[in-house]
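Read left to right, the sequence shown gives residues 91 to 224 (our numbering).
All C-beta atoms, glycine included, are put in the ideal place defined by N, C-alpha and C.
Keep in mind the model is a prediction, meaning the values are calculated, not measured.
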Amino acid sequence: MLAFHRTLAGATLAAAAMVGCAGCAERDGAATAVQYLSAAVTAGDGAAACEVLAPETRAAVTESAGVSCPEAIIDAGLTPLGAVHSVAVYGQWARVVTDHDTVFLAAFGSGWKVVAAGCRSQGERPYDCRVQGG
Numbered sequence: 091m092l093a094f095h096r097t098l099a100g101a102t103l104a105a106a107a108m109v110g111c112a113g114c115a116e117r118d119g120a121a122t123a124v125q126y127l128s129a130a131v132t133a134g135d136g137a138a139a140c141e142v143l144a145p146e147t148r149a150a151v152t153e154s155a156g157v158s159c160p161e162a163i164i165d166a167g168l169t170p171l172g173a174v175h176s177v178a179v180y181g182q183w184a185r186v187v188t189d190h191d192t193v194f195l196a197a198f199g200s201g202w203k204v205v206a207a208g209c210r211s212q213g214e215r216p217y218d219c220r221v222q223g224g
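This is the structure in structure tokens:
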């Protein structure tokens, strides 16, 4: 009987750990995309930074600057993001808050892509973002 209770307790803890971690992969994926963007911008690698942008965001950046995406994203004035403080996933959307920025992402078949970056809270008004899709 004691062995059964240990097994049941172990199974309960394992199930609780799995439930407690539901969404962990999504949060990790969103945070990784933001860290990738930050590293690429910091290194001046516009091509790598553009890889993590959502298609509409990439198009908007290119169109508004009138130059290629790699050039436009470097010229956009994004600052190093710093450490990730929080990641919130809402279905196919995510918000990542870092030391210096808030980044919004969308889930695509190829993973999380940035839809807006360089975003600053304006209280009750919508975020003001340096980079965003159309």
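Inter-residue Cα distance where the pair is residue i and residue j
| i | j | result |
| --- | --- | --- |
| V131 | Y180 | 26 Å |
| H175 | D191 | 10 Å |
| A137 | V187 | 24 Å |
| A162 | P145 | 14 Å |
| G143 | V157 | Inspection of the sequence shows that residue 143 is occupied by Leu rather than by Gly. Using only the alpha carbons, I get a separation of about 16 Å. |
| R117 | A207 | 17 Å |
Distance CB(residue i)-CB(residue j) smaller than 8 Å
| i | j | result |
| --- | --- | --- |
| L168 | R215 | no |
| T152 | Q222 | no |
Neighbour-count burial assignment, residue i, 16 or more Cβ in a 10 Å radius
| i | result |
| --- | --- |
| P160 | buried |
| Q182 | exposed |
| A173 | exposed |
| A150 | buried |
| S178 | Note on residue identity: the sequence assigns Ala, not Ser, to residue 178. Under this definition A178 is an exposed residue. |
| A133 | exposed |
Anticipated Cβ contact below 8 Å, residue i with residue j, distance rounded
| i | j | result |
| --- | --- | --- |
| L171 | S128 | 4 Å |
| K203 | A123 | 7 Å |
| F198 | C209 | Not a contact, Cβ separation roughly 19 Å. |
Bridge partner(s) assigned by DSSP for residue i
| i | result |
| --- | --- |
| T192 | V187 and C209 |
| D165 | D165 pairs with nothing; no bridge assigned. |
| S176 | V187 |
| L143 | V204 |
| R215 | Q212 |
| V221 | A207 |
| A197 | W202 |
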